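Okay, so here's the structure we're looking at.
Numbering (this note's numbering), first residue to last: 76 to 203.
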């Protein structure tokens, strides 16, 4: 394979790694076909059976693994954040229930106090 063609493929691979492709949409997967299309070649032109492509194919696989590793890391953070949100909602609802219980208790105690404010409800403590 001509060195120029290999260089074109590597240039295309680098553009895909940098997410600055010229011929395909951004955020495309990095695989043999997308590298070929980015290099203005036909889909399927990068094949392991062809001489000179072994290292290029290895580099393509490594680039895709690195790209998806970042995605997996972000997905892990997203899952943790979702779980944290659920935990905060649970704590929030528990605190609301506790507040309602306190308000109910305060209301009952205020009624109890109100009963003893009237003189007819007071206990006569005249011990003569």
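Where is the CB? At the ideal position from N, CA and C, for every residue including glycine. Keep in mind the model is a prediction, meaning the values are calculated, not measured.
How would you label residue 180, buried or exposed, when you count the other beta carbons within 10 angstroms and need 16 or more for buried?
Label assigned to residue 180: exposed.
Exposure label - residue 166; buried when at least 16 CB within 10 Å
With fewer than 16 other Cβ atoms from the protein chains shown falling within 10 Å of its own Cβ, residue 166 counts as exposed.
I need the boundaries of the alpha helix (DSSP H) containing residue 145, first residue and last residue.
Counting along the chain, the alpha helix (DSSP H) containing residue 145 begins and ends at 129-192.
Among residues of its own chain, excluding the 5 on either side of residue 26, which ones have a beta-carbon nearer than 7 Å to its beta-carbon?
Because the chain in this structure spans residues 76 to 203, residue 26 falls outside the shown range and cannot be described.
Grab me the residues of residue 108's own chain with a C-beta within less than 6 Å of its C-beta, minus the 5 sequence neighbours each way, in chain order.
Only residues of its own chain outside the window of five on either side were considered, and among them 118 have a CB closer than 6 Å to the CB of residue 108, listed in chain order.
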